[in-house]
Every structure is written in C-alpha cells, then in structure tokens.
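Peer 1:
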Amino acid sequence: MRYWSFLAGKLGVAGGCMYGLLALLNYLWPSEPDFFYLRPPRFGYDLLYTLAAGVWFLLCCGAVYVCILDQRYRCRVCLRRLRMPVETGSWSRMLLLGRPRIEYICPYGHGTLNVAELQISGLENPEWTPHAELWEELCAASRDSERE
Ligand SMILES: [Zn+2]
Numbered sequence: 001m002r003y004w005s006f007l008a009g010k011l012g013v014a015g016g017c018m019y020g021l022l023a024l025l026n027y028l029w030p031s032e033p034d035f036f037y038l039r040p041p042r043f044g045y046d047l048l049y050t051l052a053a054g055v056w057f058l059l060c061c062g063a064v065y066v067c068i069l070d071q072r073y074r075c076r077v078c079l080r081r082l083r084m085p086v087e088t089g090s091w092s093r094m095l096l097l098g099r100p101r102i103e104y105i106c107p108y109g110h111g112t113l114n115v116a117e118l119q120i121s122g123l124e125n126p127e128w129t130p131h132a133e134l135w136e137e138l139c140a141a142s143r144d145s146e147r148e
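Residue 77 in our numbering is what sits at position 77 of the sequence shown, and the numbering runs on without skipping anything.
1. Any heavy atom of ligand 1 within a distance shorter than 8 Å of the CB on glycine 111?
2. My guess is that tyrosine 108 and cysteine 78 are in contact by the Cβ rule of under 8 Å, so how many angstroms apart are they, rounded?
3. From what residue to what residue does the alpha helix (DSSP H) around asparagine 114 run?
4. Measure the alpha-carbon distance for proline 130 versus leucine 47 and round it to whole angstroms.
5. Under DSSP, the beta strand (DSSP E) around isoleucine 68 begins and ends at which residues?
6. What number of angstroms, rounded off, separates the C-alpha of phenylalanine 6 from the C-alpha of leucine 97?
7. I'd like to confirm something about arginine 2: is its beta-carbon nearer than 8 Å to some heavy atom of ligand 1, or not?
8. Let me check understanding here. Comparing Cα to Cα, which of Val66, Gly54, Ile102 lies closest to proline 85?
9. What's the call for glycine 20, buried or exposed, on a 16-neighbour Cβ count within 10 Å?
10. Between which two residues does the beta strand (DSSP E) containing glutamate 103 stretch?
11. Helix, strand or coil: which one does DSSP assign to arginine 76?
12. So is tyrosine 27 buried or exposed if we call it buried at 16+ other beta carbons inside 10 Å?
13. Quick one: Cα of alanine 23 to Cα of tyrosine 45, how far?
14. Pairs of beta-carbons, one from the region 114 to 130 and one from the region 66 to 80, closer than 8 Å: are there three or more?
15. Could you check the C-alpha separation between threonine 112 and alanine 53 for me, to the nearest Å?
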C-alpha cells in the first residue's frame, strides 16, 4: 500500500508541475487578437503555440516514464533505492546458471529484484523476492564457514 501511494504521490507532484508549466505557457504566450468579438483558439491555429504544446506533452510523457522507472527500482517495503547490481547467469552456460539477469538488493535486506538482461518476449516484469532476514542468513552462512 505504501509502495503504490508513493507512486501516486510522485505522479501527483509531476502532474502539478506539468500543470503549472502549462499555465505558465498560457500566461506568457500572447493571446490572439479578437476577430469580430470572437477569440479563436490558439491550439491548432497558431503553429508555434501548437509546437510548444506538443513539447509540453512530450515532457509530460517523460515525467510519467521517469516516475515509473524510478519506482521499479525501489524496495517494496522501505521504498529505498535498490543497490548493488550483480549479474547472474550466462548465455553460454544457460542450462547450468540460467538466463542472464541483473539482481538488485535492498540495503536493509528486505528483498531482491531480478531483472532479465535481455527481454525476448516483450517487456517482462522484474521479479521481486521478499526476504525476512537476509543479512542474518548471510551472516549465519559466513559464521558457519568460519567455524569449519
Ligand atoms: Zn528495503
């Protein structure tokens, strides 16, 4: 729930900034002169204004893309950026090691994210694996190896 509300908050802030940019564009752009007490719309008739509105639309698409891309690489529990990318797998030893993937980890050990390196059949969703006590498991493994 917290994960999705953070995404909604980011999209809301981006939408507010983009709406402010559109309001600034409409405020700064000179309005068309009246034509028999009728003011023609700028969009679709004024080429430069239409071009500026097109650039604003592309900026909106970029802002939404950046919000979703940033959210994809965040921890599902604590919302921190995932770190320590490790490449796993190999194309030449695919049967032994699996397909090449990049594995990210939460610095507080809440889970790992496996992202396929090559997405053959379209855009695949990255696989999130939650861990309860990842660092304790790793420390226990190193303690076991020290005893031997
Ligand atoms: Zn976390």
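C-beta atoms are modelled at their ideal positions from N, C-alpha and C, and glycine is treated no differently.
Only a predicted model underlies this, so the values are computations on that prediction, with no experimental measurement involved.
Peer 2: Walking through what the data contain:
1. One-based indexing of the sequence shown puts residue 111 at position 111. For glycine 111, the CB falls within less than 8 Å of some heavy atom of ligand 1.
2. In the sequence shown, residue 108 corresponds to position 108, counting from 1. In the sequence shown, residue 78 corresponds to position 78, counting from 1. Cβ atoms of tyrosine 108 and cysteine 78 come within 8 Å of each other, at about 6 Å.
3. What you label residue 114 is simply residue 114 of the sequence shown in a count that begins at 1. Note, asparagine 114: premise wrong, no alpha helix (DSSP H); beta strand (DSSP E) at 111 to 116.
4. Against the sequence shown, residue 130 aligns to sequence position 130. Against the sequence shown, residue 47 aligns to sequence position 47. When rounded, the separation of the alpha-carbon atoms in proline 130 and leucine 47 is 52 Å.
5. Within the sequence shown, residue 68 is the residue found at index 68, counting from 1. Element bounds for isoleucine 68: not the beta strand (DSSP E) but the alpha helix (DSSP H), 47 to 72.
6. As a position in the sequence shown, residue 6 is number 6, starting the count at 1. As a position in the sequence shown, residue 97 is number 97, starting the count at 1. Computed Cα separation, rounded: 35 Å.
7. In the sequence shown, counting from the first residue as 1, residue 2 sits at position 2. When distances are taken from the beta-carbon of arginine 2 to the heavy atoms of ligand 1, even the shortest one reaches 8 Å or more.
8. Residue mapping note: residue 85 aligns to position 85 of the sequence shown, counting from 1. If we check each option's Cα against that of proline 85, Ile102 comes out closest.
9. Position 20 of the sequence shown, counted from the start, is the residue given in the question as residue 20. Glycine 20 is exposed by the Cβ-count criterion.
10. Counted from its first residue, the sequence shown places residue 103 at position 103. From DSSP, the beta strand (DSSP E) with glutamate 103 extends over 101 to 105.
11. Locating residue 76 in the sequence shown gives position 76, where the first residue counts as 1. Residue state, collapsed to three classes: coil.
12. Locating residue 27 in the sequence shown gives position 27, counting from the first residue. When all chains shown are included, tyrosine 27 counts as exposed.
13. Here residue 23 corresponds to residue number 23 of the sequence shown, with the count starting at 1. Here residue 45 corresponds to residue number 45 of the sequence shown, with the count starting at 1. The straight-line gap separating the alpha-carbon atoms of alanine 23 and tyrosine 45 is approximately 19 Å.
14. Counting C-beta pairs with one atom in each stretch, the region 114 to 130 and the region 66 to 80 have three or more that are closer than 8 Å, which means they touch.
15. Here the question's residue 112 lines up with position 112 in the sequence shown. Here the question's residue 53 lines up with position 53 in the sequence shown. Rounded to the nearest angstrom, the two C-alpha atoms are 41 Å apart.
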